[in-house]
Amino acid sequence: MAVSFNRYLILPEIERSESGAVVGASAAEPDGERSYTSETVALRCSTTGGTATTTAVTPVTVPLCVLGEVQLRFLCPDDLEEVRSLCQDWFPIDYPYSWYEEITSSSKFYALAAVYGGVIIGLIIAEIKPYTKLNKEERGILCSSLGKDCLVGYILSLGVRRAYRRNGIASLLLEQLLAHVTAPERSSVKAVFLHVLSSNVPAILFYQRCHFRLHSFLPYYYSIRGKCKDGFMYVLYVNGGHAPWGIWDWVRHLAGAMTNLVPCRVPRWIWQRLLWATTVLSYHR
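Just so we're aligned, residue 1252 is where the sequence shown starts under this note's numbering, counting upward by one.
Next up, the structure:
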């Protein structure tokens, strides 16, 4: 897919309810349109006639970001140093310089940036690749019945500048990626997955709110500053994709198939008991 650099994407209209709240905002971000912070700037002390008085400055409430003013565009080579600085601040992993060159210039990556006031405040880096190219532990995310021609999306990085977090930026970027992989021409993409540090609780909660499900625990997956750290793999199934079937999935499938059969010559009382047994087994796990 050819990427047209330096062209801004057109953001969809943001729906608002009658109360003015943004419709469809993340549950963790009740005010999906903007976020406010308040802090006491200083305490002013003065002495008049030997009497000391202390006056607190009124807390200032500042809107950090308005989603309607955020622009989305693909990364370009000119973004390399800015993206590198952001990733070094966000992530404990040191990526090679060649990686930054690739994500800012190669069309094989879905590299989308959120820009506010001319500054990149968030970005998502993902790659769509054949399911057969995954390593051993990753191949278990899809059922084999889906075939070997399936594609999967892998999120390499998703981050937002600290000052702009809890404004719905991460949700906006992720929604754009999911809209990309669920487009009709990409129906062969059956899952989107990612790795996350087991200690990164805020990121884990965010992905869970976005309906990603825990697939596996990866002991010593990361090497950070010479120390091994555990990780998790999370998966979101799209376009009819699903995990490999377990025994209870087969029982439910059998129960559903039996309910569509015609009893024919099977005695009715045996038939009724078979239906009852399969229903109990399928729902009482």
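Glycine is no exception: its CB is placed at the ideal position from the N, C-alpha and C atoms. Since this is a predicted model, take the numbers as computed values, not measurements.
Please list the segments of the alpha helix (DSSP H) lying wholly inside the region 1330-1413, counting only runs of 4 or more residues, in order along the chain. Counting whole runs of 4 or more residues, the region 1330-1413 contains the alpha helix (DSSP H) stretches 1331-1341, 1348-1354.
Could you tell me the boundaries of the alpha helix (DSSP H) in which V1432 lies? As a working mapping, residue 1432 is identified with position 181 in the sequence shown. Counting along the chain, the unbroken alpha helix (DSSP H) around V1432 starts and ends at 1420-1432.
Between R1416 and the ligand HEM, is the CB less than 7 Å from at least one heavy atom? This structure lacks the ligand HEM, and indeed carries no ligand of any kind.
How many Å lie between H1446 and E1388 at the Cα? Locating residue 1446 in the sequence shown gives position 195, counting from the first residue. Locating residue 1388 in the sequence shown gives position 137, counting from the first residue. In a straight line, the C-alpha of H1446 is about 12 Å away from that of E1388.
How long is the line joining the alpha carbons of E1332 and L1424, rounded to whole angstroms? For the purposes of this step, residue 1332 is identified with residue 81 of the sequence shown, where counting begins at 1. For the purposes of this step, residue 1424 is identified with residue 173 of the sequence shown, where counting begins at 1. Here the C-alpha atom of E1332 lies approximately 21 Å from the C-alpha atom of L1424.
Quick check: what's the CA-CA separation for Y1543 versus L1318? This structure cannot speak to residue 1543, because the chain is shown only from 1252 to 1536.
Would G1373 and A1421 be called neighbours here (beta carbons separated by less than 8 Å)? The residue you call residue 1373 lines up with position 122 of the sequence shown. The residue you call residue 1421 lines up with position 170 of the sequence shown. Yes. Within cutoff.
Does DSSP put V1447 in a helix, a strand or coil? For the purposes of this step, residue 1447 is taken as residue 196 along the sequence shown, with counting starting at 1. If DSSP states are grouped into helix, strand and coil, V1447 belongs with the strands.
Could you compute how far the alpha carbon of N1490 sits from the alpha carbon of L1323? Mapped onto the sequence shown, residue 1490 falls at position 239. Mapped onto the sequence shown, residue 1323 falls at position 72. Within the model, the alpha-carbon separation for N1490 versus L1323 is close to 25 Å.
D1330 and A1365: beta carbons closer than 8 Å? Counting from 1 along the sequence shown, the entry for residue 1330 is found at position 79. Counting from 1 along the sequence shown, the entry for residue 1365 is found at position 114. D1330 places its beta carbon 8 Å or farther from that of A1365.
Hey, could you find the ends of the alpha helix (DSSP H) R1460 is sitting in? The residue given as residue 1460 occupies position 209 in the sequence shown. That run of the alpha helix (DSSP H) goes 1452-1460.
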